[in-house]
Every structure is written in C-alpha cells, then in structure tokens.
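Peer 1:
In this note's numbering, the protein residues as written are 62 to 765.
Structure below.
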C-alpha cells in the first residue's frame, strides 16, 4: 500500500514521541511509509508499545516471515478479455484488466472480507481463492501477487578497512551512514577527491567532471600504473556515440529534465509501473532515496560538452526510465516493466535484484519469465532486446549470484565489477553466470563512478555493480550503432535458443554451447554449506554454486536452476559430471556441530535436469585471434598471479584468521569463457583476464 509521507510521519512520530532517544531508531524515522512500502510494510498496523525492539520485530514480521499478500491475483486465461470478465464475475473477483503488453494475462482482486485477520485465516483464505481460480477450465495458471523485497545494488558502505577483512553491513548502520553522507555530500563533492585524480590527457569534452571519469580515459599520474580505462575514445573518434540506440533504465524513476539528461530523454521509452502511468518522475524525500535510477541513466547517456556533470558512455543514445522500485514490487510490476515496448527497445538496464544478504534464493516469477522470453524473441524489431543486469553486491556477506535468478538467467547479461586498481571488489559475488565485468567502486581509497544526481546535481559517488551494469549497457549501445544493429549478434547470437536435454546430445543441432542450465531438487539441513560443481566433457570445471556461510536454511533447492557460461563454444556431446558436496568452512553453524565436527549432515536429491543453449555453428566471437601459444603464455601468467595471491593470503593469514574464505573459480573455467566479449568480431572487443581473474572485462580494443 502506497501511503502519503505526511500521514506516515505525523502519526508515527506522534506515537513514538516518548521513544526517539534511541539514535538508530531516530534515524529510521527519516524513512517514509512509501519507501517502506517496497517491503509491503504499512506503519498504520504498527503498535508502538515496546519501542525499538518491537519495531524490529514488526519489520521482521512484515518483511521476512512469509509472503506479503496483496489480495490481487495474476491469472492466465484463454478466450480473451470477455472470458476473463465472465470468470471474474462468476467467482466473485474484481477484474482489474489485462496486463499491459501481455495477451491472456489478467489481474484480479478479491478482498479478504474477514473481521478476524489471524495468520491461519489469511492463509486459508488465500489458498481457497487460488484454488477456485485453478479449478476453472478456462484458467491456465493463477497465482496470488506478493510484495517482494528488491534491493538497489549501490549504496555500499565503504569502510576504512582492507578488502581482505570480512565485512558485515548492518542495515541500521547503513541507514545512519547514508544519512550522514547525504548531509555533507554537496559541500564536499568536488573538493575531497580532487587530489586523487590525474588530469585528463584528453580535452575533447568541457564537462565539469570529465577529469573524474577515470574509466573512460587514461588519467594515470605515473606510467608504471596499469592502464584501466575502457578504450572508448577511439570509438568516439570513429563517430560512434550510441546515436539511434534506445535504452531504458528499470529503477526508481528518472529526473528527465536534468540538464545533463534532457536532450537525450525519450518519453516513448518510459513508464511508471508503480502508478500505472507514463510519467517516471522520481519521488523526492529528505535523503534522496530515489536517486538510483537517475544515477544509472546518467552513466549511460549524460550529454557531452554542456559543461554539466560528465559524459555518458553512449552520450548520443536515447534514454528512458521505467519507475518500478518505488512501491510494492510484484511479479506483475516486474513483468510489465521488462516487457514494456520491447518491439522498439534495444537495451534494458537493471541494477537491482533480490536481497544480497547471503541467505536469499529467489528468481523471476511467471510473468517476468514470460517478459524475458518475449523480449529476446520479439524485441528490437525481432532481433531480440538485450537485458543487462547487475550481478550483485553481497560478496562481503558470502553471497553468490547463483542464488539470484535474474543475474543467472540465460536471458540476461550479468555484469560484475572491477575496481580502479583492477581488482575484484570486496562486495563482488562469484558465480558461473557472470558474463563480464566493467569498472566501479572498490576499496575506500579507490575512485567511484561519476554521474547525474537528483535536483539537477552531479555526483562522483556512484558505487557497486549498480554502476557497473550501466557502463556495459553503454558499451553495447556503441557496438549496436557501429554494427548498424542489423548484422550484430549480441548476447546469445540468436534470440531464439536451441534447447536439448542431456539424453539428446548425439546428432543434435548444437555445434557450440553457450549457456548450460541445471535444474535441481536438493534437500539439505544447511543449504549454505553446499558447493555445486559441473565438469564438461572437455574437462572445464565450473563452480556454479559457492558455499554461503550465512545461509542456514533447511529448505534446500526446489526446482532451482543454476546457469553457467564457462562452457561457451564447447561441444555438448560427452559425459558431464555434476558434484554436490558439503564444504562448510564458516564454523558458524549449529552449536552442536561446532562442538562435534564429526557430525555428518544428511540430505537427498531428486536428480538433475540439464538444458543446453547454443548455436549450430561456432560464432565468430569464439574464434579467438589468440593462438595456442598465446593462451599458454596467459596460463603461465595466471599461475604466477595465483602464486602471488597465495603468498599474499599467507601473509594475511599470519596476521589475522579470517572467519571464512570462498575459493576462487578454476582458471580452466576462465579460459573457456567468452574472453573476447559478446561480439561477433574479435577486433571490436576484448578482455584482459590478468586484470581481473574472475570475470572477463568489457573494454574496447585500443585500435577500436
């Protein structure tokens, strides 16, 4: 329920006036009801007796102890709108209409209508209501819409600690820290870091923060430092700016009249899925909760040479925004957003996902999956829309993007981060589905990303994989323009996939693998202790799930699909080895298990279903210009780096005993990734794995 901030703050502050002495709780009062409604929280149901502890329990009960019912159902019906209206009337539902852009999907509402609202009564009501729909012969599928927690993948708390120290970010600390940073940001934004930035060697742009865009140009102060920009300047010299490419940012809105965005803004690429209108303007509050979308949009399409902020990677592209994170986020909201205007949309950029808490396992719903499939088959005038996704920021919590069904979908390009020093960042998540990496924030001394901010302002503080994904979207826009969008084969080379089960591997049409999916049913008393490894017939080892030390759930994995891109270009024929093992190294499990390490956990699994995606002939992008000799040299270099890393870890081990350590992925897996990027010509894009041994790096080749 979306509430007015005025009602929320006035009534809530009045009820809590005796208890605002708690500093952390006082910080929470800054939050409005609308921002909390992202979690399905209505503060009018809150009993203030009990103070802060009671409020914590209330939040836990509202947001994490079960589904947050909306009293709305998403229903798939054959027969058209008239049939849907008749079914709704017969079963006592209000027909709210067809989901925009989707045939046969409708939203219906059935108020509970009970005087008592115990959890048992609610559960029984919702089960009966769903069953009544499913029992109808014309209903193909039905499910009640629930509010989902969706986190923006920025706002990272950067501590003054080395990246090898375990970092556990408390939500209350984060809110308090962000509030303080907001209060001093405008005063310090240009002065605090000026001494850290080398002066640009390229003066083609007069934008005030061009010197701070270290990832677009070479700003090194010393020749001994590695060159860590994306090599886009030669592409600009060739006249490519992303012109004609249409991109939209799915987020919390976009400040489309911003001086550095207005000229590139296209309202036909924009929508408000929260309020169901075509105005994606962000909601303002005291701490700029909804600045995220404007920041992501600026990275892609900031206007060049207007003396304002910086320069977007694709500064000639058309940019839009879909407001969908500022309210109750349901499958209908996500599906509507991802399926909006796909026929004309080239790129969707998303920098959000399920909670990066190291415990959540969640993926797209029915309509959202339908939107993905529609986008990659019918989008971009039949060539397939491109979905760019932030891989996640939960690395410091031991999280794995393998448990994020959006980042690990075969329909998305999952993008990780590399820091200014070329390192894998402390917040980064590791999994087999991450396709590439671009630059973003790193350790506390590293620079962050420059972009637009709310109130027609600028920032140099955009962070996380939230900032990495839009850079990748901008690079793809440049390639689309360069290839005239007609011959380029991006993402999966063909929008229609060829899919085979493992029992049909012989004499099939797959000549070169792309994505490999494994759908599993695993029951285990501690889900986070599991490590899942897949070995291909060619011998490539892919760790598709790393252990998650903080995931103590006993629910296991039910019909969960893992995905890996480590086998790109290989053959599907042969023996595949699937390994599930308990590698619990956190020592934070059950007290009995800590006392008796000999206790053996017992679990079971119901087999695994393989799904292979690929092409009939190996795409040009897998025909690397690297010779076997070149690859052998890189292997030697990586072994040297591995040895150096182990020495450094040994030194750290002597000083501090880390509570847990996640093993790095196999280098064999690295060499079978699409190191040259996702494009059909090795001269367009390449990557340098020695700079970041975990993901290939999106960057243009120096000679363009």
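We put the beta carbon where it would ideally sit given N, CA and C, even for glycine. Because the structure is a prediction, the values reported are computed rather than measured.
1. Which residues mark the beginning and the end of the alpha helix (DSSP H) in which residue 537 is found?
2. Would you call residue 421 buried or exposed, if buried means 16 or more other Cβ atoms sit within 10 Å of its Cβ?
3. Going by beta carbon distance, what residues of the same chain come within less than 6 angstroms of residue 502, once the five residues before and after it are set aside?
4. Flag this pair as yes or no: are the beta carbons of residue 373 and residue 360 separated by less than 8 angstroms?
5. Between which two residues does the alpha helix (DSSP H) carrying residue 296 extend?
6. Between which two residues does the alpha helix (DSSP H) carrying residue 356 extend?
7. Taking only the alpha-carbon atoms, compute the straight-line gap between residue 741 and residue 539 and give it to the nearest angstrom.
8. Leaving out five residues on either side along the sequence, give the residues of the same chain with a beta carbon under 6 angstroms from the beta carbon of residue 547.
9. What beta strand (DSSP E) runs, 3 residues minimum, are completely inside the stretch 432-458?
10. Would you call the stretch 597-608 in contact with the stretch 617-626, where contact means no fewer than 3 C-beta pairs closer than 8 angstroms?
11. In angstroms, rounded to a whole number, what distance separates the CA positions of residue 672 and residue 579?
12. Below 8 angstroms between beta carbons: does that hold for residue 419 and residue 458?
13. Got a sec? Which residues, its chain only, sit under 7 angstroms from residue 452 by beta carbon, not counting five neighbours each side?
14. How about residue 403 and residue 436: are their beta carbons less than 8 angstroms apart?
15. Just to confirm my understanding: we take residue 768, look at its own chain, exclude 5 residues before and 5 after, and list those with CB closer than 6 angstroms. What are they?
16. Contact between the stretch 285-302 and the stretch 328-335: three or more CB pairs below 8 angstroms?
17. In its own chain, which residues sit with a C-beta less than 7 angstroms from the C-beta of residue 267, not counting the 5 before and 5 after it?
18. Would the beta-carbon of residue 147 fall within 8 angstroms of that of residue 203?
19. Compare the C-alpha of residue 664 against each of 674, 679 and 590 and name the closest.
20. So, residue 139 versus residue 201, is the Cβ gap smaller than 8 angstroms?
21. For residue 642, write down the residues that DSSP places opposite it in a beta bridge.
22. Could you pull the start and end residues of the beta strand (DSSP E) that residue 622 belongs to?
23. For residue 108, which residues from the same chain have a beta carbon less than 6 angstroms from its beta carbon, with the 5 sequence-adjacent residues on both sides left out?
24. Closest to residue 532 by C-alpha separation, out of 518, 356, 263 and 678, would be which residue?
25. Identify, in the order they occur along the chain, each residue of the same chain with its Cβ nearer than 8 angstroms to the Cβ of residue 433, setting aside the five sequence neighbours on each side.
26. Pick helix, strand or coil for residue 575, following the three-state DSSP scheme.
27. Compare the Cα-Cα distances from residue 207 to each of 708, 199, 511 and 168 and report the closest residue.
28. Alpha carbon to alpha carbon, how far is residue 349 from residue 515?
29. Under the assumption that residue 637 contacts residue 597 (Cβ atoms under 8 angstroms), give the Cβ distance between them as a whole number of angstroms.
30. By how many angstroms is the C-alpha of residue 417 removed from the C-alpha of residue 454?
31. Should residue 634 be labelled buried (16 or more other beta-carbon atoms within 10 Å of its own) or exposed?
32. Here's the rule: buried if 16 or more other CB atoms are within 10 angstroms of the residue's CB, otherwise exposed. What is residue 325?
33. Buried or exposed, going by whether 16 or more other CB atoms sit within 10 Å of the CB of residue 616?
34. Closest to residue 541 by CA distance: which of 499, 460, 406 and 601 is it?
35. Leaving aside the five residues before and after residue 611 along the sequence, list all residues of the same chain whose C-beta is less than 7 angstroms from its C-beta, in chain order.
36. DSSP on residue 408, reduced to helix/strand/coil?
Peer 2: To lay it out plainly:
1. Taking the first residue of the chain shown as position 1, residue 537 is located at position 476. 525-543 is the span of the alpha helix (DSSP H), which, as asked, contains residue 537.
2. Within the chain shown, residue 421 is the residue found at index 360, counting from 1. Result: buried.
3. The residue labelled residue 502 in the question sits at position 441 within the chain shown. Same-chain partners within the cutoff: 509 and 524.
4. Start at 1 with the first residue of the chain shown, and residue 373 comes out as number 312. Start at 1 with the first residue of the chain shown, and residue 360 comes out as number 299. Yes. Within cutoff.
5. Along the chain shown, one-based indexing puts residue 296 at 235. Element bounds for residue 296: 294-298.
6. On the chain shown, residue 356 is found 295 positions in, with the first residue counted as 1. Residues 353-362.
7. Locating residue 741 in the chain shown gives position 680, counting from the first residue. Locating residue 539 in the chain shown gives position 478, counting from the first residue. Unreliable positioning characterises residue 741 in this predicted model, as indicated by a pLDDT of 32, which lies under 50. A coordinate reading is not provided.
8. Residue mapping note: residue 547 aligns to position 486 of the chain shown, counting from 1. Annotation note: pLDDT 42 at residue 547 (below 50); position unreliable, coordinate value reported separately. Cβ within range, chain order: n/a, list empty.
9. 447-451
10. Judged by Cβ distances under 8 angstroms, the stretch 597-608 makes contact with the stretch 617-626, as three or more pairs qualify.
11. For the purposes of this step, residue 672 is identified with residue 611 of the chain shown, where counting begins at 1. For the purposes of this step, residue 579 is identified with residue 518 of the chain shown, where counting begins at 1. Cα to Cα, the separation comes out at about 6 angstroms.
12. Walking along the chain shown from the start, residue 419 turns up at place 358. Walking along the chain shown from the start, residue 458 turns up at place 397. Contact flag set, yes.
13. Along the chain shown, one-based indexing puts residue 452 at 391. Here the set comprises 462, 468, 475, 476, 477, 490, 495 and 526.
14. What you label residue 403 is simply residue 342 of the chain shown in a count that begins at 1. What you label residue 436 is simply residue 375 of the chain shown in a count that begins at 1. Yes, they are a contact pair.
15. The structure shown does not extend to residue 768, since the chain spans only 62 to 765, so no value can be given for it.
16. no
17. Residue numbering aside, residue 267 sits at position 206 when the chain shown is read from its first letter. Counting only Cβ-Cβ distances below 7 angstroms, and skipping sequence neighbours, we find 366 and 368.
18. One-based indexing of the chain shown puts residue 147 at position 86. One-based indexing of the chain shown puts residue 203 at position 142. Residue 203 is positioned such that its CB atom lies no closer than 8 angstroms to that of residue 147.
19. As a first step, residue 664 is located in the chain shown; it is residue number 603 there, counting from the start. With distances taken between Cα atoms, residue 664 lies closest to 590.
20. Within the chain shown, the letter at position 78 stands for residue 139. Within the chain shown, the letter at position 140 stands for residue 201. A contact, by the Cβ cut-off of 8 angstroms.
21. The residue you call residue 642 lines up with position 581 of the chain shown. Answer is 592, bridged to residue 642.
22. If you number the chain shown from 1, residue 622 lands on position 561. Here the beta strand (DSSP E) through residue 622 covers 618-625.
23. If you number the chain shown from 1, residue 108 lands on position 47. Since pLDDT at residue 108 reaches only 39, below the 50 mark, its modelled position is unreliable, and the value read off the structure follows with that caveat. No residues qualify anywhere along the chain.
24. Here residue 532 is taken as the residue at index 471 of the chain shown, counted from 1. It is 356 whose Cα lies nearest to the Cα of residue 532.
25. Taking the chain shown and counting its residues from 1, one reaches residue 433 at position 372. Same-chain partners within the cutoff: 399, 425, 448, 470, 472 and 473.
26. Against the chain shown, residue 575 aligns to sequence position 514. It is a strand residue.
27. Taking the chain shown and counting its residues from 1, the one referred to as residue 207 is at position 146. Closest option to residue 207, Cα to Cα, is 168.
28. The sequence position of residue 349 within the chain shown is 288, counting from 1. The sequence position of residue 515 within the chain shown is 454, counting from 1. Straight-line spacing of the CA atoms in residue 349 and residue 515 works out to 7 angstroms.
29. By 1-based counting over the chain shown, the position of residue 637 is 576. By 1-based counting over the chain shown, the position of residue 597 is 536. With 8 angstroms as the limit, residue 637 and residue 597 qualify as a contact, their Cβ atoms being about 6 angstroms apart.
30. Walking along the chain shown from the start, residue 454 turns up at place 393. Walking along the chain shown from the start, residue 417 turns up at place 356. Cα to Cα, residue 454 sits roughly 6 angstroms from residue 417.
31. Within the chain shown, the letter at position 573 stands for residue 634. Burial call: exposed.
32. For the purposes of this step, residue 325 is identified with residue 264 of the chain shown, where counting begins at 1. With 16 or more other Cβ atoms inside 10 Å of its own Cβ, residue 325 counts as buried.
33. Stepping through the chain shown from its first residue, residue 616 is reached at position 555. Residue 616 comes out exposed.
34. Here residue 541 refers to the residue found at position 480 of the chain shown. Comparing Cα positions, the closest option is 406.
35. Position 550 of the chain shown, counting from 1, holds the residue named residue 611. Hits under 7 angstroms: 419, 420, 458, 459 and 589.
36. The count along the chain shown starts at 1 and reaches residue 408 at position 347. Residue 408 falls in the strand class under three-state DSSP.
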